[in-house]
Amino acid sequence: MRNIQTLKIFCISLLIFTVSCSKKTTQSLNGSFSYLSKDIVFLSSDEMEGREIGTEGERKAGEYIAGRFKEIGLKPAGDQNSYFMTFSRKKSGNPHGDEQSSGGVEVTGRNILGIIDNNATSTVVIGGHYDHLGYGQEGSLYVGSPAIHNGADDNSSGVAGVLYLAESIKKSGLKKYNYLFICFSGEEKGLWGSNYFVNNTSLDKKSFNYMVNMDMIGRLNKERKLAISGVGTSPVFESVLNDIKKPSFSLKKDSSGLGPSDHATFYNSGIPVLAFFTGQHGDYHKPSDDAHLINYEGVQDIVQYIYTVVSALDKKEKLTFTKTRDESQTRMSFNVTLGIMPDYLYDGTGVKIDGVKDGKPAQLAGMQKGDIVTKLGDMEVKDMQSYMKCLTVFKSGQTVTARIIRDGKELDKQVTF
Ligand SMILES: [Zn+2]
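Start counting the sequence shown at 1483; every next residue gets the next number (this note's numbering).
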């Protein structure tokens, strides 16, 4: 998943509500659990050196994924009958810049593609990025000497999900559509791999039925909160999701097809999307995002759930795309940053802090993980929307009083932006 600046945009969409369930399922799936954990452990090992695009670690991870695709029996769907789609981009000077700028260093990466070709006229795309931050020179929230960012949750978990679904669908009787599996590179730099794919694939984009994205599905918590974005991008999604009772989750559904990950690229091409995410945590974009912190059974439950969604959609005709009401708001520009990671699964009043960035205003003001911000200056912070509004109003250098709730008590902190 991309960094904090883009994450802020993730929560704009308002159509969020929660369905609570509790019972655990015992139904089994065609995929293999031992592989699921092996894939995550291997991809997030130090040997992969954080899988930054253009590095040896990214190359090794790509070879591993291609090997798994072959083992599962997927047909190569990359360049020249291989599993690889190679692309080059020039790094821009601006870490948030998505545009190719002149004069930067050229980086070459590879998307990994495999297909189950059922000779259908329409294709379902199932993806997740496999690149990460390498030694953390760019996009890291860690302050310290360079260290390997293993990215177990971000996004070895999603890749394992892609592989598990590939295996499950391969063994299943799902035949109505073709199933294209893609592990993207360059996501962390600005969705490079998915953009390259969408703009350069020889397949007809109009033939894509919908896209499933898994980015950070490894930290299912005790409350079993699972965020699903893109629910508003096709009229059938809502009812299909509501009909699935097991495995059960506390779902946070978001209508928006935008967000800081590869599904946004497909949504912007007019393709319905569903993106799955288990939420932020203190190890996000830090070297401590490690394999031992993954909830493996949680990952399995999530991919089983996605498999059930895909099976249900296999019975439906090709989906209709609907635009969600988020476009204009994404152009909101922030004057200042607080330097927090919001808890995107928090649904009370205010913005709950899931982590603070070292050396940024929130940390310097003494805010910490678990605090709930309810007011900044004269402005009430009711939710992400009003929080982001504040960031467009305050000026750099300005000091305001921030009201926070810590352990049920209100506290005031002086924040200098
Ligand atoms: Zn990320």
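Idealized CB from N, CA, C, for every residue including glycine.
Beta-carbon contacts of residue i that lie in its chain and below 7 Å, excluding the five residues immediately before and after
i     : result
F1764 : Reading the sequence as shown, one finds Gly at residue 1764 and not Phe. Here the set comprises D1836, G1837 and K1851.
K1557 : G1596, I1597 and D1599
E1534 : E1540, D1613, H1614, L1615 and G1616
D1840 : V1625
E1892 : R1885
R1592 : G1544, F1566, M1567, T1568 and S1667
R1813 : Here R1813 scores only 48 on pLDDT, less than 50, and its place in the model should not be relied on; the value that follows carries that caveat. Excluding sequence neighbours, R1813 sits near nothing in its chain.
A1847 : A1884, K1895, Q1896 and V1897
Contacting residues, own chain, Cβ-Cβ under 6 Å from residue i (five flanking each side not counted)
i     : result
K1842 : G1821
Q1880 : F1899
D1853 : I1835, I1886 and R1888
G1739 : G1712, T1715, Y1749, V1755 and T1806
M1861 : C1872
S1810 : For S1810, the predicted model reports a pLDDT of 42, less than 50, meaning its position is unreliable; a value from the coordinates is still stated below. Here the set comprises nothing.
Any non-hydrogen atom of ligand 1 within 7 Å of residue i CB
i     : result
R1592 : no
H1631 : no
E1670 : yes
D1636 : yes
R1484 : yes
Other residues of its chain near residue i: CB distance less than 8 Å, five sequence neighbours each side excluded
i     : result
T1605 : I1597, Y1659, N1660, Y1661, L1662, L1685, S1689, F1690 and N1691
S1793 : S1654 and L1656
S1527 : N1632 and A1773
G1532 : G1539, H1614, L1615, G1616, Y1617, G1618, I1630, H1631, N1632 and G1633
F1876 : N1817, V1818, L1858, G1859, V1882 and F1899
Exposure of residue i, with buried meaning 16 or more beta-carbon neighbours within 10 Å
i     : result
E1670 : buried
P1769 : buried
N1677 : buried
N1576 : Caution is warranted here: a pLDDT of 49 is assigned to N1576, below 50, making its placement in the model unreliable, and the coordinate value is therefore given only provisionally. N1576 should be labelled exposed.
K1735 : buried
K1797 : exposed
K1460 : No information on residue 1460 is available, as it lies outside the stretch 1483 to 1899 that the chain covers here.
D1894 : exposed
V1589 : buried
heavy atom of ligand 2 below 7 Å from residue i C-beta
i     : result
H1767 : You won't find ligand 2 in this model; what it holds is ligand 1.
Worksheet entry | Three or more C-beta pairs below 8 Å linking the stretch 1629-1648 and the stretch 1784-1795 | yes
Worksheet item: Contact between the stretch 1760-1780 and the stretch 1691-1710: three or more CB pairs below 8 Å?
Response: yes
Discussion item. So, does the stretch 1702-1710 touch the stretch 1515-1522, judging by three or more C-beta pairs under 8 Å?
Written reply: no
Discussion item. Under 8 Å: do the stretch 1624-1634 and the stretch 1771-1783 share three or more Cβ pairs, one atom per stretch?
Written reply: yes
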